[in-house]
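**Student:**
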Amino acid sequence: MLVIMKKGSSEAECTAVEAQIQQMGFVPLPVPGENRTAICVTGNKGPVESAYLMQMSGVLECIPVTKPYKLVSREVHPEDTVVSVGGAQIGGREPVFMAGPCSVETEARTLEIARRVKASGAHVFRAGAYKPRTSPYAFQGLGEEGLLTLERVREETSLPVVSEVIDSSLVDAVAERVDILQVGARNMQNFTLLKKLGTTRRPVLLKRGLSATLEEWLMAAEYLLAEGNENVILCERGVRTFNDHSRNTLDLNIVPLVRKMTHLPVIVDPSHGVGKRDRVRALARASLAAGAHGLMMEVHTQPDSAYSDAQQTIDVDTFAHIVEDAKILARLPTLFASGAAHTGS
Ligand code: PEP
Ligand code: MN
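To convert, count from 1 in the sequence shown and add 6; that's the numbering used here.
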């Protein structure tokens with residue numbers, strides 16, 4: 007349930023409502039908003055009795071929240087969340103481009119890619135220092151050394167950096183060195199990791215699990231918000247289906263739905279969604295047309311020799327074309343309007 011306070015209600019009235027919620031055995035979570043003050047009741051198993059709260063001083067109304075996710079839902083937080091990081095605004099009216107190799111490579115190669123993607127329009131540099139690989143014999147990432155290279159990238163290009171954290175024991179080390187912490191598809195339901203990330207103040211990019219439903223994905227995001235981290239970016243990266251013509255099936259159907267159900271920004275990763283570089287540009291365009299707030303793509307100056315995911319890695323020229331495509335697509339009237347307006351329902 008969501009308790010909406012009257013305009014101009016005092017801090018003491020809000021504190022009294024929070025104390026009452028606690029006394030009822032639940033957990034109160036204040037929800038910041040531009041136009042209203044609200045307190046979300048969490049920790050309840052069924053409906054919450056609102057009669058007592060309704061007559062408390064300063065309370066305007068009590069709204070039942072119909073979905074199991076609360077803090078991520080538009081019911082609780084109607085305005086779009088915009089995550090600001092290193093000059094990039096993720097979830098605003100302009101699409102954001104995150105680009106770079108799958109893995110951090112040598113410092114020289116990584117810096118060269120970063121300079122080139124920046125010159126072509128990237129707002130955020132991506133590269134994994136710790137890689138979750140299907141085979142234990144595949145390249146596992148450069149680890150600590152890779153994090154140092156990412157710091158160099160930020161120093162030299164002033165691009166903010168996103169990189170994956172594969173285990174809760176690594177959260178502090180990665181958070182110290184990168185701007186956005188990525189949760190990979192394989193870890194979307196690693197609840198220990200999510201809880202730990204919820205306590206950091208670094209933005210988190212939460213990829214959709216390999217076969218996660220919309221509700222499972224949003225519940226994973228709820229873990230981050232419930233621990234106090236509101237800077238969450240969702241990333242659709244394709245799901246497992248019977249298809250054998252692509253690595254995954256990019257589920258663009260979910261993009262307008264996510265924008266309707268949640269206030270969080272949603273971006274798309276067509277690289278993992280398709281798995282083949284010849285289709286990345288087409289799917290990048292389609293993602294933006296479906297209303298994604300941005301794209302994450304694997305881009306390299308020498309794609310064929312990328313340390314990992316070479317077959318889906320595009321070259322810098324293709325990336326530059328995608329950035330140009332986005333300028334044309336931005337003319338579609340409602341593309342980057344708020345979620346509710348976008349879905350037209
Ligand atoms: C990646 O971004 O390189 C990655 C491993 O992604 P995912 O978790 O979506 O497979
Ligand atoms: Mn990859």
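We put the beta carbon where it would ideally sit given N, CA and C, even for glycine.
1. With DSSP collapsed to three states, give me the class of T321.
2. In the DSSP output, which residue or residues are listed as bridge partners for C108?
3. Write down the C-beta distance between L270 and I239 rounded to the nearest angstrom, noting that I regard them as a contact closer than 8 angstroms.
4. Could you give the distance in angstroms between the alpha-carbon of V159 and the alpha-carbon of A128?
5. Could you give the DSSP three-state label for G93: helix, strand or coil?
6. Taking only heavy atoms of ligand 2 into account, decide whether any of them is closer than 6 angstroms to the Cβ of D315.
7. Assuming contact is defined by CB atoms lying nearer than 7 angstroms, are E157 and K201 in contact in what I supplied?
8. Identify the residues that DSSP records as bridge partners of K213: which are they?
9. Closer than 6 angstroms by C-beta to R192: which residues in its own chain qualify, once you throw out the five before and the five after it? Chain order, please.
10. What's the gap between the Cα of E40 and the Cα of V33?
11. Need the endpoints of the beta strand (DSSP E) that G279 sits in, please.
12. Nearest CA to the CA of P101: which residue from T155, G300, R214?
13. Hey, V272 and V261: beta-carbon distance below 7 angstroms or not?
14. Take H251 as the anchor and find which of D284, T268, C46 has the nearest alpha-carbon.
15. Rounded to the nearest angstrom, what separates F325 and F197 at their Cα positions?
16. When every heavy atom of ligand 2 is checked, does at least one fall within less than 6 angstroms of the C-beta of C46?
17. Determine the burial state of L338: buried for a count of at least 16 other Cβ atoms within 10 Å of its Cβ, exposed for fewer.
18. Who pairs with T116 in a beta bridge, going by DSSP?
19. Please classify K333 as buried or exposed, where buried requires at least 16 other C-beta atoms within 10 Å of its C-beta.
20. Give the straight-line distance between the Cα atoms of S169 and P36, rounded to the nearest whole angstrom.
21. Taking 6 angstroms as the cut-off, is the CB of G147 close to at least one heavy atom of ligand 1?
22. May I ask you to list the residues that DSSP assigns as paired with I45?
23. Locate the beta strand (DSSP E) running through S169, then write down its first and last residues.
24. Nearest-angstrom Cα distance between R115 and R121?
25. When the Cα of G149 is compared with those of V167, I172, G92, which residue comes out closest?
26. For ligand 2, is there a heavy atom less than 6 angstroms away from the beta-carbon of C108?
27. How far does the alpha helix (DSSP H) with E67 in it reach, from first residue to last?
28. Skipping 5 residues on each side, what residues in its chain have a beta carbon closer than 7 angstroms to that of R396?
29. I'd like the list of long-range same chain contacts for D310, defined as Cβ closer than 8 angstroms, with 5 residues on each side in sequence excluded.
30. For the alpha helix (DSSP H) containing E24, name the first residue and the last one.
31. With distances taken between CB atoms, is the gap from Y75 to M194 smaller than 7 angstroms?
32. Compare the C-alpha of R131 against each of Y143, G92, F145, T140 and name the closest.
33. Using the three-state DSSP reduction, which class does H327 fall into: helix, strand or coil?
**Tutor:** From the atom records:
1. Looking at the sequence provided, one finds Asp at residue 321 rather than Thr. Three-state result, D321: strand.
2. According to DSSP, C108 bridges with nothing at all.
3. 7 angstroms
4. 13 angstroms
5. coil
6. yes
7. no
8. C241
9. P138
10. 23 angstroms
11. Here G279 belongs to no beta strand (DSSP E); instead the alpha helix (DSSP H) covers 276-280.
12. G300
13. yes
14. D284
15. 34 angstroms
16. no
17. exposed
18. Bridge partners of T116: none, in fact.
19. exposed
20. 30 angstroms
21. no
22. V9, P36
23. 167-170
24. 10 angstroms
25. I172
26. yes
27. Where E67 is concerned, there is no enclosing alpha helix (DSSP H), although the beta strand (DSSP E) it sits in stretches over 65-69.
28. Given that the chain is displayed from residue 7 to residue 351, the structure contains no residue 396 and the question cannot be resolved.
29. A316
30. 17-29
31. no
32. Note that residue 131 corresponds to Phe in the displayed sequence, not to Arg. When each option's Cα is compared against that of F131, the closest is G92.
33. helix
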